[in-house]
Amino acid sequence: AQSVSQHNHHVILSEAASLELGCNYSYGGTVNLFWYVQYPGQHLQLLLKYFSGDPLVKGIKGFEAEFIKSKFSFNLRKPSVQWSDTAEYFCAVSYNNAGNMLTFGGGTRLMVKP
Amino acid sequence: DSGVTQTPKHLITATGQRVTLRCSPRSEDLSVYWYQQSLDQGLQFLIHYYNGEERAKGNILERFSAQQFPDLHSELNLSSLELGDSALYFCASTRGGGPTEAFFGQGTRLTVV
Chain H
1 AQSVSQHNHH
11 VILSEAASLE
21 LGCNYSYGGT
31 VNLFWYVQYP
41 GQHLQLLLKY
51 FSGDPLVKGI
61 KGFEAEFIKS
71 KFSFNLRKPS
81 VQWSDTAEYF
91 CAVSYNNAGN
101 MLTFGGGTRL
111 MVKP
Chain F
115 DSGVTQTPKH
125 LITATGQRVT
135 LRCSPRSEDL
145 SVYWYQQSLD
155 QGLQFLIHYY
165 NGEERAKGNI
175 LERFSAQQFP
185 DLHSELNLSS
195 LELGDSALYF
205 CASTRGGGPT
215 EAFFGQGTRL
225 TVV
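Listed in order, the protein sequences are those of chains H and F.
Going by this note's numbering, the first residue of the first sequence is number 1, and it counts up by one from there.
Going by this note's numbering, the first residue of the second sequence is number 115, and it counts up by one from there.
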């Protein structure tokens, strides 16, 4: 079965610190990659997505992610976090042979201290 | 606002009961996906409907069922509820066809007591 691993369950950073959240997925053919964010009490919102092309993807709110095919990774980065980035972040994968069904990682809770 | 509407937002019910969760997708979307988010299992895919037809099943219990109606709204029916069914249930919609992003509703928080 396909799986997605997020290495960090909880991350605590001070404002202005840089962020990198790891995400690895299992091989299953052609993949589409996503990072979603869930603010407390809210629904999942798309931060960025990768389908094909340039492996460095820029998303909303200053986030970016890099797809490294050889490492089956899609790490999320932000150069300088803000208190408002406090949320839970989910990496997700869909495989082209499985429609747009998403397989999610376990999530990373980010707390940014002011 | 994602354009996906889920009702109710909160539901508290007793063990053994049956509940129905409702999802209205974005107006242009034909596909509806249901996901369960729980503390121990994380976010798991339950079932996918496209234009009224079931397309894929994930880790969905036999006590659970779903359907998508001609107006494309979907309902997830959970029966013989157990304490362990307490979770946040999300639906998401997509246009269908090729790879595309999913838009999520606010979720229904189900508490079984």
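C-beta: ideal position from N, C-alpha, C; glycine also.
Any chain F beta carbon closer than 7 Å to residue i
i, result
"Met111 of chain H", "no"
"Phe104 of chain H", "yes"
"Asn32 of chain H", "yes"
"Asn97 of chain H", "no"
"Asn24 of chain H", "no"
"Asn75 of chain H", "no"
"Asn8 of chain H", "no"
DSSP beta-bridge partners of residue i
i, result
"Leu13 of chain H", "H:Val112"
"Thr121 of chain F", "F:Arg136"
"Phe90 of chain H", "H:Tyr36"
"Glu66 of chain H", "H:Leu56, H:Asn75"
"Thr30 of chain H", "DSSP, once it has assigned bridges, lists no residue as partnering Thr30 of chain H."
"Gln6 of chain H", "H:Cys23"
"Arg209 of chain F", "Paired residues: none, contrary to the question."
Cutoff 6 Å; reference residue i; Cβ partners in own chain excluding five residues on either side
i, result
"Glu64 of chain H", "Lys58, Arg77"
"Ser179 of chain F", "Asn191"
"Thr214 of chain F", "Thr208"
"Ser73 of chain H", "Asn24"
"Ser26 of chain H", "Gln2, Ser3"
"Thr103 of chain H", "Gln2, Val4, Val93"
Chain H contact for residue i (CB, 7 Å cutoff)
i, result
"Thr225 of chain F", "no"
"Phe178 of chain F", "no"
"Ala170 of chain F", "yes"
"Glu196 of chain F", "no"
"Thr208 of chain F", "yes"
"Gly166 of chain F", "no"
"Phe218 of chain F", "yes"
"Pro122 of chain F", "no"
"Pro184 of chain F", "no"
"Glu255 of chain F", "Outside the displayed range of chain F (115 to 227) lies residue 255 of chain F, so it cannot be described from this structure."
Sequence-distant residues of its chain with Cβ nearer than 8 Å to residue i (five each side left out)
i, result
"Pro184 of chain F", "Gly166"
"Ala216 of chain F", "Tyr147, Ala206, Ser207, Thr208"
Amino acids of chain B, ordered along the chain, whose beta-carbon sits closer than 8 Å to that of residue i
i, result
"Ser116 of chain F", "No chain B is part of this structure, whose protein chains are labelled H and F."
Residues near residue i in its chain [Cβ-Cβ closer than 7 Å; skip 5 each side]
i, result
"Glu114 of chain H", "Position check: residue 114 of chain H holds Pro in this sequence, whereas Glu was assumed. The residues are Glu15, Trp83."
"Arg169 of chain F", "His162, Tyr163"
"Gly221 of chain F", "Gln120, Leu202, Tyr203, Phe204"
"Asn97 of chain H", "Gly29"
"Glu196 of chain F", "Thr129, Val226"
"Gln182 of chain F", "Val146, Tyr163, Gly166, Ser188"
"Gly117 of chain F", "Arg140, Phe217"
"Asn75 of chain H", "Glu20, Leu21, Gly22, Cys23, Ala65, Glu66"
Mind checking the segment 42 to 66 of chain H against chain F and listing, in chain order, the residues whose C-beta falls within less than 9 Å of any C-beta there?
Gln42, His43, Leu44, Gln45, Leu46, Lys49, Phe51, Ser52
Could you pull out every unbroken beta strand (DSSP E) segment of at least 3 residues lying fully inside the segment 132 to 170 of chain F, listed in chain order?
133 to 138, 145 to 152, 156 to 164
Where the segment 144 to 163 of chain F meets chain H: residues whose CB sits under 9 Å from a CB there:
Ser145, Tyr147, Tyr149, Gln151, Gly156, Leu157, Gln158, Phe159, His162
Along the segment 83 to 95 of chain H, where does the CB come closer than 9 Å to a CB of chain F? Name the residues.
Phe90, Ala92, Ser94
By the 8 Å beta-carbon criterion, what residues does the segment 128 to 142 of chain F contribute toward chain H?
none
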